[in-house]
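Comments concern the structure below.
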Amino acid sequence: MISGLFVFNAKGDVLISRQYRQDIKRSASDLFRVHVVSATKQQNPCLTIEKHTFYHLRHENLYLVAVGTQNLNTPMVFEFLYRIIALGKSYFGVFNEDAVKNNFTLIYELFDEICDFGFPQTTEADVLKLFIQTEGVRSEKMDASKIAIQATGAVSYRRPDIKYRKNECFVDVVESINLIMSAKGTVLRSDATGQVIMRSYLSGMPECKLGLNDKVQLEKMGKSGKRSNVVELDDVQFHHCVKLGKFDQDRSITFVPPDGEFELMRYRTTDNISLPFKVHAIVNEISQTRVEFQIAIKAQYSSKIHATNVVVKVPTPLNTASAKINVQQGKAKYNGSENAIVWKISSFGGDQELLLTAQAELTTTMSKKQWNKPPISLDFQVVMFTASGVMVRFLKIFEKSSYQSVKWVRYLTKAGSYQIRF
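Each residue of the sequence shown is one higher than the one before, starting from 53 at the first, in our numbering.
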């Protein structure tokens, strides 16, 4: 339980002081001023002084401080302080000393609403603006029942009176693939981290249900034996709108979406990763002054799709003076600042194989240190392809008015750390 909140300026003057419990006095601010603000070296953000524990953040020219005398949940306290900063920006545009001085009344009113007897309450700006209208903060008039529904936490992040002429929902499954492959072609590491990003332009208070080809979900439905394209997801993280109780029961992702764009979930998978590109590199050190490169890249995705913005970086020795390069497609040149041949391909079709050949001319050096051959790296984007095989099986939208909605799904795989040793 938080015993009090203080806002200090850079000089250590108390701008705002709000006590929620009787176990501290206002003089506790003097301890913070002496030991933190006036200290010659930077102090820890969580500091215990004379039975008082101070949790503080430095923002702009302010110190935002929570004080407790009991063993508090430290991550919760700092999350609460960050929410206060976001709340200040939502109300004032900026949260600094001038904003605090110009809005004393409003800040005290907010502090009364967001924390009750030391227990954090709602910190959603859209909810608080419904019934706190001090200092020129304007909001539409709503009846008491609507205010009560949102303030008590049913759906705090969405207003019920949103209306669109055309109801649409866009789902983007964006994956980043990481690969380390040995010179012999053995995969040393491969994984994919993904995001499901939604843009919701739906009227009213719709409830959405999203289904993926998740192995655990299909096993619970008794369908995993009939499908070979199931995916086992690890480290799943959800937006707070998702009803975790239903996910624990049947692995269904049920939620009332916020209005606009938001990240619905994150995941990671390490099994059955489909590599979009296979690279075969032959590098011959002909002499001390010449190295020959032959780099073949084959696309392993369907011929119906294309990769865009493909960039291949082939490292060269540090004493490279120049390079003669031939490519079948795209443009390639030697970049001395990166000590690499940079091959750029604007569009790379599926099942296509391209070849780069090059001769690097080296300057003579007295050093006999052997070239350590850094790995070849790739950067790319492949639309309508997922390395993990994740697919959206269905997206259902339920709303009491039963309107028709349009749903769009797009897949995108891009390179994270995609490296091939040679």
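The C-beta atom is built at its ideal place from N, Cα and C for all residues, glycine as well.
About 18 angstroms separates the Cβ atoms of F307 and W460, ruling out a contact at the 8 angstroms cut-off. Under the three-state reduction of DSSP, T360 is assigned to strand.
Taking the Cα positions, S457 is about 29 angstroms away from L285. Between Q71 and S55, the C-beta gap is smaller than 8 angstroms, which places the two residues in contact. In the DSSP assignment, S374 falls within the beta strand (DSSP E) that extends over 372-379.
Excluding five sequence positions before and after K295, the CB atoms of its chain that fall closer than 8 angstroms to its own CB belong to T306, F307, given in chain order. Under the three-state reduction of DSSP, V119 is assigned to strand. In the three-state reduction of the DSSP assignment, G140 falls in the helix class, which pools H, G and I. Under the three-state reduction of DSSP output, I166 falls in the helix class. Relative to the Cα of M257, the nearest Cα in the group I449, Q352, N155 belongs to I449. Per DSSP, the continuous alpha helix (DSSP H) segment holding D82 begins and ends at 80-84.
Excluding residues up to 5 positions away in sequence, F147 lie with their Cβ nearer than 7 angstroms to the Cβ of K141 in the same chain. Straight through space, the alpha carbons of V379 and E344 are spaced by roughly 14 angstroms. Counting only residues of its own chain and dropping the five nearest sequence neighbours on each side, I338 has a CB closer than 8 angstroms to the CB of E344.
In the structure shown, D287 falls within a strand segment according to DSSP collapsed to helix, strand and coil. When only Cα atoms are considered, Y253 and S304 end up about 22 angstroms apart. Burial state of A467 is buried, judged by a 10 Å Cβ sphere holding 16 or more other Cβ atoms.
Comparing alpha-carbon positions, the option among Q346, T341, K218 lying closest to M418 turns out to be T341. A Cβ-Cβ separation of about 14 angstroms leaves F437 out of contact with Y470 under the 8 angstroms criterion.
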